[in-house]
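Below is one structure; the comments refer to it alone.
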Amino acid sequence: MVRDDIQKTIANALASAQAAGRLPAFALPAIEILRPKQSEHGDYSSNVAMVAAAAARKAAAETGTAAIPPRVIAQAIADHIAADGPVGSVEVAGPGFINIRLADRWLQQQTVTIVQAGKQFGNIDRGRGQHWQVEFVSANPTGPIHYGGARNAVLGDAMANVLQAADYDVQREFYVNDAGTQFQLFAATLYARYLQLCGRDEPLPVDGYMGEYLIGYAQEVFAAEGARFLPLAREEAIAALKPLGKTIVLKALQEELAMLGVHFDRWFYEQSLYDDGLVDLVMSRLRQQGDLAERDGAVWFLASNYRPKEKDEVLIRSTGAPTYFASDIAYHYEKFVRRQFDHVVNVWSVDHQGHVPRMASVMQALGLDPSRLTILLYSLVKLIRDGQEVKLSKRKGALLSIGEVVEEVGADAVRFNLLSRAPESTIDFDLDLAKRQTDDNPVFYVQYSHARICSIVAKAAGAGLVAAESTTGDGQVDTTLLTHSSELDLIRKLLELEEQIELAVEKLSPHNLTYFALDLSRSFSGFYRDCRVVDEQNLPLSNARLLLCRAAQIGLKKTLALIGVSAPENM
RNA sequence: GCCCCCGUAGCUCAGUGGAUAGAGCACUGGCCUCCGGAGCCAGUUGCACAGGUUCGAGUCCUGUCGGGGGUACCA
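Under my numbering, the first residue of the first sequence is numbered 2, with each subsequent residue one higher.
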């Protein structure tokens, strides 16, 4: 990464300035590299001199020598930086910033590097192949996912994309809660709908799922199995319906998520934790460790053993039925001990926040480093329609599902919109606005830019005026002709992609990439405005500019791919 | 009550402790002999409040006010 090279350059310069006697020997501070907001301050900037000055001032006070001003330190370091490779020029400015500008020649050459990298462009090696899991959505398998779940889906999916681009070996997992109360209720409701379908007068369970989609599910059951559940006793029938119902609902979930472009590597069943004895295994382990206690006829996990302020939690109800939390402990044991993930990211909505600190206790109880588990919390999406908040309740059937919203607004707009906010920020999503202003949505601006680049590339190739794809990037194109500030700015912007990916990984949020996509599109617009690409009077320049178009195309497509938005060639 | 998150432009939101705080939408005024006008250029308006830490605070700490969430033998 360019920034890392700049950092090394400055570290080396500081060391040589000390070796040359220009600066006294003081402990090397951490070298921070900043991106200045003003372009007059260069491409990269370091505050190392100001930090070092503070340290040197303390040392000077102790030894009674004179303090060195930050600007003097900065100048000494700057004098030991050679304009070479990416470094074009160095200057000291303001209170003691060292500002570095990238070399035009080096920037020009990057167009070739980008085109050669192709789909790999922007990738970084931060993860070094670490085995990571992103577990997300994990909605109850009881019907369509309400719209809030779309934020979970796109967040987890984009995060997995970004991690893969940063050289993490990522598995996407959906945890299917097929062992709990809600799934039992679902099956009971399905049974009632099935009976109704068969002409019986059967009420829906009191807390059952009222949505009419269950009628459709019952019809599917009947179509496949006929009336064979009718003679069975109620409990027997519900148990027999569970696997069928699960198949139907999971298929529906997959189809709905596919509408958003979200796919999973694995669907993990909660029930399997019981079937494989993992729940029993962790329960006996916790019991041996003294982490369990019986109170009021229930079995509790003593989270307070690990975190004094933490509340204890019920694992086995007084009815004898285990809670969700019991299998959740087994699940994390399975993830870390059995499957040996280096790191797991769970994407949860903020209403599960109370559960977060308890998971840290669980990790400790299992003898695992809690820092290997990250809970990515996102705030709720408030839907607005006709100026009113749309209230959702899955059980009552008053549901606006992901599928319905995607049909209404479009997958690309939904993804871009939901991904352009930081996870902790609540989103007011106005459906009417999103529909009415479809053409003004930022996502279309970005896609339009991409389509326009494709159009130019096609026109150039079709006209036969400029070098074909096969001859670009192998030294036949004179990139030094790219001297216009709009050309160089576009290259600069493209080169930011690596840093944007790193930032998204560090923050575990890809929202910066939506802003980068807009930035990049804007940079291309500037280039498009100022620099004509196809010009038969000047083939060498046309060749160079076409190469830059290809680089921009690659960069924009890659950015869109990371956030899961399509990059159309025409619109 | 206690815990977590948020408070930045008219609206919706960005903003790794750095130098002159940004974008989209909305609004106003310009730009079609020229590779896609779903575009381009220009203009207007802002860090909830009060202390503190720091060479430097929208960003960190404390408090106040306002909004959301959590605080179940639900998941």
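Glycine included, every Cβ here is placed at the ideal spot set by N, Cα and C.
Of all the options VAL345, HIS81, LEU215, SER526, which has the alpha carbon lying nearest to the alpha carbon of LEU198? LEU215
6 Å CB neighbourhood of ALA79 in its chain, flanking five on each side removed: So the qualifying residues of the chain are VAL91, VAL93, ILE99.
The beta strand (DSSP E) spanning GLY89 covers which residue range? 88 to 94
Top-ranked residue by Cα proximity to ALA327, from CYS550, ASN48, LEU293, ALA60: LEU293
Where the beta strand (DSSP E) through LYS383 begins and ends: 382 to 386
Leaving out five residues before and five after ARG422 in sequence, what residues of the same chain have Cβ atoms less than 8 Å from its Cβ? Cβ contact annotation for ARG422 (same chain, cutoff 8 Å, sequence separation greater than five): ILE428, HIS512, in chain order.
Cutting at 6 Å between CB atoms, please list the residues of its own chain near PHE269, excluding the five before and the five after it. GLU174, TYR176
Apart from the five residues just before and just after ALA54, which ones in its own chain have a Cβ nearer than 8 Å to its Cβ? Leaving aside the five residues that flank ALA54 on each side, the residues in its chain whose CB is nearer than 8 Å to its CB run, in chain order, ALA68, ILE69, PRO70, PRO71, ILE74, GLY97.
Given ALA553, which residues of its chain have a CB within under 7 Å of its CB, disregarding the five upstream and five downstream residues? ILE454, LEU491, LEU495, PHE525
For SER567 and SER350, the rounded distance between their alpha carbons: 26 Å
What is the DSSP secondary structure of PHE98, reduced to helix, strand or coil? strand
Quick one: any contact between the segment 363 to 375 and the segment 334 to 352, if contact means 3 or more CB pairs under 8 Å? Judged by Cβ distances under 8 Å, the segment 363 to 375 makes contact with the segment 334 to 352, as three or more pairs qualify.
Assign SER319 to buried or exposed, taking buried as 16 or more other Cβ atoms, counted over all protein chains shown, within 10 Å of its Cβ. Exposed: under 16 other Cβ atoms inside 10 Å.
Quick one: what's got a C-beta closer than 7 Å to THR472's C-beta in the same chain, skipping five residues either side? No answer about THR472 holds up, because its pLDDT of 48 lies below 50 and its placement is not dependable.
May I have the straight-line CA-CA distance separating MET2 from GLU271, to the nearest angstrom? 42 Å
Smallest Cα separation from VAL356: which of ASP329, THR64, ASP531? Note on residue identity: the sequence assigns His, not Val, to residue 356. The option with the nearest alpha carbon to HIS356 is ASP329.
Between THR64, GLY95, ALA50, which has its C-alpha nearest GLY43's C-alpha? Among THR64, GLY95, ALA50, the Cα nearest to that of GLY43 is on GLY95.
Can you name the start and end residues of the beta strand (DSSP E) that ASN347 belongs to? 344 to 350
Nearest neighbour of ALA16, chosen from ILE82, LYS508, LEU381, GLU503 [CA to CA]: ILE82
Using a Cβ-Cβ cut-off of 6 Å (strictly less than) and excluding sequence neighbours within five positions of TYR45, which residues of its own chain qualify? ILE7, ILE34, ILE101
So the beta strand (DSSP E) LEU374 belongs to, where does it begin and stop? For LEU374, the enclosing beta strand (DSSP E) starts and ends at 374 to 379.
Would you check if there are 3 or more beta carbon pairs closer than 8 Å linking the segment 550 to 564 to the segment 475 to 489? no
Expressed to the nearest angstrom, what Euclidean distance is found between the alpha-carbon atoms of PHE430 and LEU381? 10 Å
Our contact map puts TYR148 next to SER305 with C-beta atoms below 8 Å; I'd like the distance itself, whole angstroms only. So it is not a contact: roughly 38 Å between Cβ atoms.
When you compare only the Cα positions, how much space is there between ASP158 and ARG359? 25 Å
To which residues of the same chain is GLY128 closer than 6 Å at the C-beta, ignoring the five residues directly before and after it? The beta carbon of GLY128 lies closer than 6 Å to those of ALA167, ASP168, TYR169 in the same chain, with the five residues before and after it left out.
Would a C-beta distance cut-off of 9 Å place ALA253 and GLY144 closer than the cut-off? yes
Rounding to the nearest angstrom, what Cα-Cα distance links VAL283 and TYR334 in this structure? 8 Å
How is TYR192 classed by DSSP in three states: helix, strand or coil? helix
Any idea what DSSP makes of PHE575, helix, strand or coil? Only positions 2 to 572 of the chain appear in the structure, and residue 575 is not among them; the question remains open.
Local Cβ density within 10 Å of GLY474, reported as buried at 16 or more and exposed below that: In this prediction, GLY474 scores a pLDDT of 47, lower than 50, which makes its location untrustworthy; the coordinate-derived value is nonetheless stated afterwards. Buried.
Would you mind sorting MET572 into buried or exposed? The rule is 16 or more other CB atoms within 10 Å of its CB. exposed
Can you check whether the CB of TYR325 is closer than 9 Å to the CB of ASN153? no
Local Cβ density within 10 Å of SER426, reported as buried at 16 or more and exposed below that: exposed
PRO244 classed as buried or exposed, judged by whether at least 16 other C-beta atoms fall within 10 angstroms: exposed
Rounding to the nearest angstrom, what Cα-Cα distance links GLY22 and VAL49 in this structure? 18 Å
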